[in-house]
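Asks: The structure's right below; bear with me while I get my questions together.
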Amino acid sequence: MLASTTLNKKMTSYRRKVSGRVKQYLPHLSDLVSGAIYRSRCNLFRLREMTGLAPKRADAEESFARFITDAEKHINALPEDYLELFCLSPLPNNQFFAARQAELDMLQEELERWQNGKFTTTALIGERGCGKTTLLNLAEQQLYSDYSIVKIDFLDTETIFEVDVLFEFLKQKLAHTGLPAGCQTIDELEARIIELPEQRVFFVENLQQIFLRTTFGFDALERFLLFVSRTHQKIHWLITCTIYSWEYFAKVLNIDEYVHRKIMLDTMPRAGYEEIILKRHKASGRRLRFKPNPEITNSRRFRKLKTEKERQTYLKNLFFQQLSELAMGNITVAILFLLRSYKRFSHASLTLPATIDFNPSFLYQLPAEEHFTLIAFLQHDSLNEEHHALIFHQDVQQSLLLLNRMANKGYLEKNETGYQIHPFLYRPIVRVLKSDNIIH
Numbered sequence: 022m023l024a025s026t027t028l029n030k031k032m033t034s035y036r037r038k039v040s041g042r043v044k045q046y047l048p049h050l051s052d053l054v055s056g057a058i059y060r061s062r063c064n065l066f067r068l069r070e071m072t073g074l075a076p077k078r079a080d081a082e083e084s085f086a087r088f089i090t091d092a093e094k095h096i097n098a099l100p101e102d103y104l105e106l107f108c109l110s111p112l113p114n115n116q117f118f119a120a121r122q123a124e125l126d127m128l129q130e131e132l133e134r135w136q137n138g139k140f141t142t143t144a145l146i147g148e149r150g151c152g153k154t155t156l157l158n159l160a161e162q163q164l165y166s167d168y169s170i171v172k173i174d175f176l177d178t179e180t181i182f183e184v185d186v187l188f189e190f191l192k193q194k195l196a197h198t199g200l201p202a203g204c205q206t207i208d209e210l211e212a213r214i215i216e217l218p219e220q221r222v223f224f225v226e227n228l229q230q231i232f233l234r235t236t237f238g239f240d241a242l243e244r245f246l247l248f249v250s251r252t253h254q255k256i257h258w259l260i261t262c263t264i265y266s267w268e269y270f271a272k273v274l275n276i277d278e279y280v281h282r283k284i285m286l287d288t289m290p291r292a293g294y295e296e297i298i299l300k301r302h303k304a305s306g307r308r309l310r311f312k313p314n315p316e317i318t319n320s321r322r323f324r325k326l327k328t329e330k331e332r333q334t335y336l337k338n339l340f341f342q343q344l345s346e347l348a349m350g351n352i353t354v355a356i357l358f359l360l361r362s363y364k365r366f367s368h369a370s371l372t373l374p375a376t377i378d379f380n381p382s383f384l385y386q387l388p389a390e391e392h393f394t395l396i397a398f399l400q401h402d403s404l405n406e407e408h409h410a411l412i413f414h415q416d417v418q419q420s421l422l423l424l425n426r427m428a429n430k431g432y433l434e435k436n437e438t439g440y441q442i443h444p445f446l447y448r449p450i451v452r453v454l455k456s457d458n459i460i461h
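Take the sequence shown: its position 159, counted from the start at 1, is 180 in the numbering used here, and no numbers get skipped.
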């Protein structure tokens, strides 16, 4: 009986070890398979182009070129003072803050929990442009004014995936605090923080920048998560990450276990967009009107409306309903669609259509190599040609040619550390990839 019990325990332990190893390496195997599929699809698409069987992309690319040109024309024609009200940079104060009070209240709860000595690492998760940095800016002013705050943004550098590079970056970002002085390793920095006499608050933005989707690309992320978990008694960690990266980390690393609370900034009701936009518009002092198209004008429901006020309310609701469906929680995307939609303006008034004219069908005709590249950008947010080549197991020159071509088409834009998806296309690309069941 004793021997049987001992054997059962050993078998249970063995199964757990095997299960853990499988869970650790299965996502990496999936990446290798995805890479093979990527190369196969690229070769197949090129073969179909050579044989004339592939659909023509010229019409789709021309459609997109017209769309982006039209968008730039509309936005650049708006009064400068109006554009300043709709600046896409994170808000520095609460003048135009709206629709995220519930999330701010959650941060308040987490702060109180940490003050009571409990584990409270917090993650703010959402798409690029959903307002994560704005929320941190407001929290800094309203919740953490009594604490010394340290800010670390991993978007300030190229993608990090090696522990020694991570340590050098942290040393640079923490130099003004004096914490890294004399430290030669991240272990020594960790020990220094644990010995601090006072507590501090750390804002860490863009966690997705410290991994690379390869079999060797998780060392820095894993070490940083360990760093966070070991120092949580001295540091109240607030970490931001893009949602598609976080979902990937959850599969590969069980990252949810490293945080106490996830605050998802992924949805917003129509009223939220209305509050955000109309609060800024009101500051312009201009009158806002909505103009129906012929289809709406001829509809029975619209003709039943007796007063101009009723008609304007109806048209406003139509506009913001479509805007909320297009943006899906992404404030930056909502503002871009708004600014593109204005048809007429003056010093006294602005006119919006009741419906938004946008057809992203051109994105469904992307070749395989561009399709898979956009998936990688959603997971990493920013990549350069060297890192793109490592992910897709190809020459750097191939990656450079591809990324330059996509930038020339307007799909990507160049930044200081590499490339990013053009903000105007971020949400449409997400919708296309979701419709293909590539992301969820």
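Idealized CB from N, CA, C, for every residue including glycine.
If we count Cβ pairs, one from each stretch, closer than 8 angstroms, do we get three or more for the segment 224-243 versus the segment 389-404?
Replies: Contact between the segment 224-243 and the segment 389-404 is present, because at least three Cβ pairs lie under 8 angstroms.
Asks: Have a look at ILE215, GLN333, MET289, ASP185 and flag the residue whose alpha-carbon is nearest the alpha-carbon of PHE239.
Replies: Nearest C-alpha to PHE239: ASP185.
Asks: Within the segment 409-458, note down every full beta strand (DSSP E) run reaching 3 residues or more, in order along the chain.
Replies: Those beta strand (DSSP E) runs which fall completely within the segment 409-458 and span 3+ residues are 433-435, 440-442.
Asks: Exposed or buried, SER169, counting other C-beta atoms within 10 Å across all chains shown (16 or more means buried)?
Replies: When all chains shown are included, SER169 counts as exposed.
Asks: Answer with buried or exposed for PHE311, where buried requires no fewer than 16 other C-beta atoms within 10 angstroms of its C-beta.
Replies: That one is buried.
Asks: Over what stretch of residues does the beta strand (DSSP E) that includes ASP185 continue unbroken?
Replies: It is not in any beta strand (DSSP E) - ASP185 instead sits in the alpha helix (DSSP H) that spans 184-195.
Asks: Would you mind sorting SER382 into buried or exposed? The rule is 16 or more other CB atoms within 10 Å of its CB.
Replies: Exposed: under 16 other Cβ atoms inside 10 Å.
Asks: Relative to the C-alpha of GLY147, which candidate in GLU391, LEU128, ASN351, LEU433 has its C-alpha closest?
Replies: That would be ASN351, whose Cα lies nearest to the Cα of GLY147.
Asks: Where does SER367 sit, in a helix, a strand or coil, going by DSSP?
Replies: If DSSP states are grouped into helix, strand and coil, SER367 belongs with coil.
Asks: Of all the CB atoms in chain C, is at least one closer than 9 angstroms to the CB of ASN314?
Replies: Of the protein chains in this structure there is only one, and it is not chain C.
Asks: Tell me the DSSP secondary structure of LYS94 in three-state form.
Replies: Note: LYS94 maps to helix in three-state DSSP.
Asks: How is the alpha helix (DSSP H) around THR143 delimited, first residue to last?
Replies: Careful: THR143 lies outside any alpha helix (DSSP H), inside the beta strand (DSSP E) at 143-146.
Asks: Just to confirm the assignment: which complete alpha helix (DSSP H) runs, minimum length 4, are found wholly within the segment 264-289?
Replies: Counting whole runs of 4 or more residues, the segment 264-289 contains the alpha helix (DSSP H) stretches 264-274.
Asks: State the Cα-Cα distance for the pair LEU423 and PRO313, rounded to the nearest angstrom.
Replies: If you take the alpha carbons of LEU423 and PRO313, they lie about 42 angstroms apart.
Asks: Note the first and the last residue of the continuous beta strand (DSSP E) segment covering ASP378.
Replies: No beta strand (DSSP E) contains ASP378, which DSSP labels as neither H nor E.
Asks: Just the Cα atoms here: how many angstroms apart are LEU411 and HIS253?
Replies: Their Cα atoms are separated by approximately 34 angstroms.
Asks: What are the start and end residues of the beta strand (DSSP E) that includes HIS253?
Replies: Here HIS253 belongs to no beta strand (DSSP E), and DSSP marks it neither H nor E.
Asks: Span of the beta strand (DSSP E) holding PHE323?
Replies: Premise fails: PHE323 lies in the alpha helix (DSSP H), 321-324, not in any beta strand (DSSP E).
Asks: So what does DSSP say about ILE298, is it helix, strand or coil?
Replies: Helix, per DSSP.
Asks: So what does DSSP say about ASP174, is it helix, strand or coil?
Replies: If DSSP states are grouped into helix, strand and coil, ASP174 belongs with the strands.
Asks: Can you tell me whether DSSP reads THR372 as helix, strand or coil?
Replies: Looking at THR372 - three-state DSSP - the assignment turns out to be strand.
Asks: Tell me whether ARG121 sits in a helix, a strand or coil according to DSSP, three-state version.
Replies: Residue state, collapsed to three classes: coil.
Asks: On the criterion of 16 or more Cβ atoms from any shown chain inside 10 Å, does ILE442 qualify as buried, or is it exposed?
Replies: Counting Cβ neighbours within 10 Å, ILE442 comes out buried, since at least 16 surround it.
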